[in-house]
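Here my numbering = 1-based position in the sequence shown + 332.
Cβ coordinates follow ideal geometry from the N, Cα and C atoms, glycine included.
So the structure is just underneath, and the comments pick up after that.
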Amino acid sequence: MTTSANPMIEKEALPSESGRFGQFGGCYVPETLMTALGDLGREYEQAKQDPEFQSQLEFYLKEFAGRPTGLYFAERLTEELGGAKIYFKREDLLHTGAHKINNAIGQALLARRMGKKRIIAETGAGQHGVATATVCARFGLDCVVYMGAVDMERQKLNVFRMELCGAEVRSVESGQKTLKDAVNEAMRDWVTNVRETHYILGSALGAHPYPMMVRDFHRVIGQETRESVMEKEGRLPDEMVACVGGGSNAIGLFYEFLDEPEIRLVGVEAGGYGIQPGNHAARFEGGRLGVLQGCKTYILQNPDGQIELTHSVSAGLDYAAIGPEHAYYRDIGRIDYAYATDEDVLEAFQLLCRTEGIIPALESTHALAYVVKRAPELDTDKVIVMNLSGRGDKDVAQVAKLLGENA
Ligand SMILES: *Cc1c(COP(=O)(O)O)cnc(C)c1O
Numbered sequence: 333m334t335t336s337a338n339p340m341i342e343k344e345a346l347p348s349e350s351g352r353f354g355q356f357g358g359c360y361v362p363e364t365l366m367t368a369l370g371d372l373g374r375e376y377e378q379a380k381q382d383p384e385f386q387s388q389l390e391f392y393l394k395e396f397a398g399r400p401t402g403l404y405f406a407e408r409l410t411e412e413l414g415g416a417k418i419y420f421k422r423e424d425l426l427h428t429g430a431h432k433i434n435n436a437i438g439q440a441l442l443a444r445r446m447g448k449k450r451i452i453a454e455t456g457a458g459q460h461g462v463a464t465a466t467v468c469a470r471f472g473l474d475c476v477v478y479m480g481a482v483d484m485e486r487q488k489l490n491v492f493r494m495e496l497c498g499a500e501v502r503s504v505e506s507g508q509k510t511l512k513d514a515v516n517e518a519m520r521d522w523v524t525n526v527r528e529t530h531y532i533l534g535s536a537l538g539a540h541p542y543p544m545m546v547r548d549f550h551r552v553i554g555q556e557t558r559e560s561v562m563e564k565e566g567r568l569p570d571e572m573v574a575c576v577g578g579g580s581n582a583i584g585l586f587y588e589f590l591d592e593p594e595i596r597l598v599g600v601e602a603g604g605y606g607i608q609p610g611n612h613a614a615r616f617e618g619g620r621l622g623v624l625q626g627c628k629t630y631i632l633q634n635p636d637g638q639i640e641l642t643h644s645v646s647a648g649l650d651y652a653a654i655g656p657e658h659a660y661y662r663d664i665g666r667i668d669y670a671y672a673t674d675e676d677v678l679e680a681f682q683l684l685c686r687t688e689g690i691i692p693a694l695e696s697t698h699a700l701a702y703v704v705k706r707a708p709e710l711d712t713d714k715v716i717v718m719n720l721s722g723r724g725d726k727d728v729a730q731v732a733k734l735l736g737e738n739a
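Below is the structure:
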């Protein structure tokens, strides 16, 4: 095993009581929400210790969402690339098609525990909106999803899915009419209706306690992975890779292994058309410290502090800020970050379909594009685990169009 310069981690101590990961995170919200966030944090701490809550959570993750997910040896892809053995954690096989349901179930149970009967959520591409609408139907909760008007037009099918599950999708006409504007609108609603409403935020982002809570609801990904890889390989992997939008699927996989210094952890951001302002969403490639939508973190912004436009082929990674816990682990050097361009992603997407018969979500394909480059650099006795965070059915029409245009 190679020696590693990875720092010692005391992950249990994070975030601090004020919700900070080092200098990142915190709670930058209007006064009216401070009480609600404080209540939510306390309720969550109690729920975490409550065996009844934990057993309910486990029940619904298993019976409704389809956990545990497999750890699949990608034999043909491994052969094709001719290096490290590649395993996929199959979050794509979950109900609604991605890891997002883990968090949606957790927060819906929490809302029920708090006696809140009305749920709001933001959504970009619609995946988190669909997961939220789904759990609201299951638990009989009223559901309002805020979605940018532009995104609603691009993702009509997901709008219809949410409506089928009984959710009301509210079109957001402000700003660029995309995800950031939908979050603003959801926060406005929460301020007004905080008494009876819980806000199910969709990634490891926003004000404390959200980054911690969302992370914890996804930790099961890493816990299951440890068990499976020990069973299959008799040891822990050499590298683990996940794509990073807000950072929930990545931290869900990585958390379990943060204090195993010999495992290299790599988060992959969206390189879009390439690293020029406005053309990508790789926050660690030119992002600066700032505050956006509740937390302090790395943000893509212009010299005046205006939020930069972002671009990615995958809507789920297309956001100007990264989760604060990722910012911290990047600063102390525990997690490495890379990016994949749209072009790399389209190639990797087709390669996986052809070699394994798996159609990956374009978000997850960013991690895959990194693995495709990395695996051949490693010996055949090395092991890489990649989080296959979602399935690509939702992306097939878009890919067909892109490939058609390129041909
Ligand atoms: C939303 C989404 C992501 C990005 O969100 P994270 O919070 O960074 O995990 C990644 N993969 C899939 C399939 C998604 O739907």
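In this model, residue 540 and residue 692 are separated by some 31 Å (Cα to Cα). Restricting attention to 498, 436, 554, 489, the CA atom closest to the CA of residue 400 is found in 554.
If the five residues before and after residue 684 are omitted, its C-beta is found closer than 7 Å to the C-beta atoms of 409, 690, 692, 700, all from its own chain and listed in chain order.
Classified as exposed, residue 506 has fewer than 16 neighbouring CB atoms from the shown chains inside 10 Å of its CB.
A direct Cα-Cα distance of roughly 13 Å separates residue 674 from residue 682. In its chain, beyond the 5 residues on either side, 406, 408, 409 have a beta carbon closer than 7 Å to the beta carbon of residue 688.
Taking 7 Å as the cut-off, the beta carbon of residue 484 is found closer than this to the beta carbon of residue 491. By the Cβ-count criterion, residue 414 is exposed, with fewer than 16 other Cβ atoms from all chains shown falling within 10 Å of its own Cβ. DSSP, reduced to helix, strand and coil, places residue 692 within a strand of the structure shown.
DSSP places residue 558 in the helix class (H, G or I) of the three-state scheme. Here residue 389 is buried: its Cβ has 16 or more other Cβ atoms, across all protein chains shown, within 10 Å. With a cutoff of 7 Å on beta-carbon distance, residue 494 and residue 467 are scored as not near each other.
With contact defined as three or more Cβ pairs closer than 8 Å, the segment 444 to 464 and the segment 507 to 517 are in contact. Taking a 10 Å sphere around the C-beta of residue 459, we find 16 or more other C-beta atoms and assign the residue as buried. Residues 677, 680, 681 of the same chain have their beta carbon placed closer than 7 Å to that of residue 697, with the five preceding and five following residues left out of the count.
Per DSSP, reduced to three states, the secondary structure at residue 440 is helical.
Of the candidates 346, 402, 427, 441, 441 places its Cα closest to the Cα of residue 531.
Judged by their CB atoms, residue 714 and residue 416 are nearer to each other than the 7 Å cut-off.
Bounds of the beta strand (DSSP E) holding residue 405 are 403 to 405. Judged by DSSP in its simplified three-state form, residue 500 adopts strand. For residue 623, same chain residues with a beta-carbon under 7 Å away, outside a window of 5 residues either side, are 360 in chain order.
Going by DSSP, residue 571 is part of the beta strand (DSSP E) stretching over 571 to 575. Residue pairing from DSSP places residue 633 in a beta bridge opposite 639. With a cutoff of 7 Å on beta-carbon distance, residue 379 and residue 427 are scored as not near each other.
Contact check for residue 654 against residue 534 fails: the beta carbons are separated by 7 Å or more. Counting every other CB atom within 10 Å of its CB across the protein chains shown gives residue 634 a total below 16, marking it as exposed. Per DSSP, the continuous alpha helix (DSSP H) segment holding residue 392 begins and ends at 383 to 392.
Within the segment 662 to 738, the complete beta strand (DSSP E) runs of at least 3 residues fall at 667 to 673, 715 to 720. Under the DSSP definition of a beta bridge, residue 454 partners with 478. Look at residue 576: its beta carbon is less than 6 Å from one of the heavy atoms in ligand 1. A check of alpha carbon separations from residue 621 across 722, 652, 733, 723 identifies 652 as the nearest.
The residues 572, 586, 667, in chain order, have a CB closer than 6 Å to that of residue 597 in the same chain once the five nearest residues on each side in sequence are set aside. Pairing residue 547 with residue 583 gives a Cβ-Cβ distance under 7 Å.
Judged by their CB atoms, residue 371 and residue 722 are not nearer to each other than the 7 Å cut-off. A check of alpha carbon separations from residue 481 across 469, 499, 517, 449 identifies 517 as the nearest. Following the DSSP letters along the chain, one finds residue 595 in no beta strand (DSSP E), marked with neither H nor E.
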